[in-house]
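Presented below is the structure to which this report refers.
In this note's numbering, the protein residues as written are 3 to 364.
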């Protein structure tokens, strides 16, 4: 979904800061209403990959839907798979932890202003959620609430329960996506030519929940193992850290070799499930990024937590969204201060872990 223009919250679009100076391709290049099929992805991805490899750099495919990755690798009779050596890094976690973290993701999206983003692009009865960026989780689920806003004269007139219901539906859709992607990845792992390596990030999520040792846990259980795998795969290309990159990008980044010929570029196709890296010496390394909705969603969106206070300042509609969410009695599992801190991204491990999970796994 990051291939579309706009909608940075709904698509969890990687920021300039998160790119850390690493060139990214296919970000925000399509009109929000444009169709983009698996075949379109295969064609555009191959063009970008060829350009990166021709420049002697290491391509990384960080994306979402397994359907698109399969189209790239297996399309045209498996021509891509036959032409390139590939390494698929899959960041996975215990199902309960994945859903807990997914819950945090939905709460974070709401706080960042997902309702405002959806409201600004709302088309009422004419909205088509089967095409373009409007297929992204979060937009279809908010339709009923936004229609009620329009019919009833604004957010202050809409029962807060409707917004709560939309948040719950976003979580449910995210959980369903996680389960579906996990099943597909396991299936792909058994295919010939799919060297899928599972990295268990459960310890990182656990440390995030406790608010202790997140960085060290990330380094020991995710960053280190990914570096080791890439070091073996890339052979003569030295694997190192690219300051400022997200964990997903850094985990598959390659530092310049002795002849300074190697580098890293990220092909951000955002297809939820695996990330791919491509070796300039060995043919291509594919790493796909797991879910575009990878950060995670709260098992029960907690209105008790402040909702995007900084995002809603100086805007009556934004304030109304906050008031409706905060005044609801909290239910289910609350995010908790520790979870919020990790989701803010200051530590990188938590948000990046989810992102890397999808990006690192092809």
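Positions of the beta carbon are idealized from the N, C-alpha and C atoms, including for glycine.
- For residue 101, the CB contacts under 6 angstroms within the same chain, skipping 5 residues up- and downstream, are 177 in chain order.
- In this structure, DSSP gives residue 100 a helical state, which the three-state scheme calls helix.
- The beta carbon of residue 136 lies closer than 6 angstroms to none in the same chain, with the five residues before and after it left out.
- The beta carbons of residue 134 and residue 6 sit about 6 angstroms from each other, so the pair counts as a contact at 8 angstroms.
- Boundaries of the beta strand (DSSP E) harbouring residue 198: 198-202, taken from the DSSP string.
- Looking at the DSSP output, residue 32 sits in a beta bridge with 6.
- Boundaries for residue 161: no alpha helix (DSSP H) harbours it, and the DSSP string shows neither H nor E there.
- Taking a cut-off of 8 angstroms on C-beta distances, the stretch 78-96 touches the stretch 187-207, as three or more cross pairs fall below it.
- Note that the stretch 107-125 does not touch the stretch 178-191; fewer than 3 beta-carbon pairs, one per stretch, sit closer than 8 angstroms.
- By the criterion of at least three beta-carbon pairs nearer than 8 angstroms, the stretch 11-31 is in contact with the stretch 46-55.
- With a contact defined as Cβ atoms closer than 8 angstroms, residue 209 and residue 12 miss out at about 28 angstroms.
- Here the stretch 142-162 makes contact with the stretch 115-127; the two share three or more CB pairs at distances below 8 angstroms.
- Taking all protein chains shown into account, residue 234 has fewer than 16 neighbouring C-beta atoms within 10 Å of its C-beta and is therefore exposed.
- By the Cβ rule, the stretch 57-69 does not count as touching the stretch 156-175, because fewer than three pairs are nearer than 8 angstroms.
- Put simply, the backbone Cα of residue 23 is about 45 angstroms away from that of residue 161.
- By the neighbour-count definition (other C-beta atoms within 10 Å, threshold 16), residue 77 is a buried residue.
- Minimum Cα-Cα distance from residue 127 among the listed residues 79, 167, 150, 219 corresponds to 150.
- As far as DSSP is concerned, residue 145 takes part in no beta bridge.
- For residue 163 and residue 157, the gap between their C-alpha atoms comes out near 12 angstroms.
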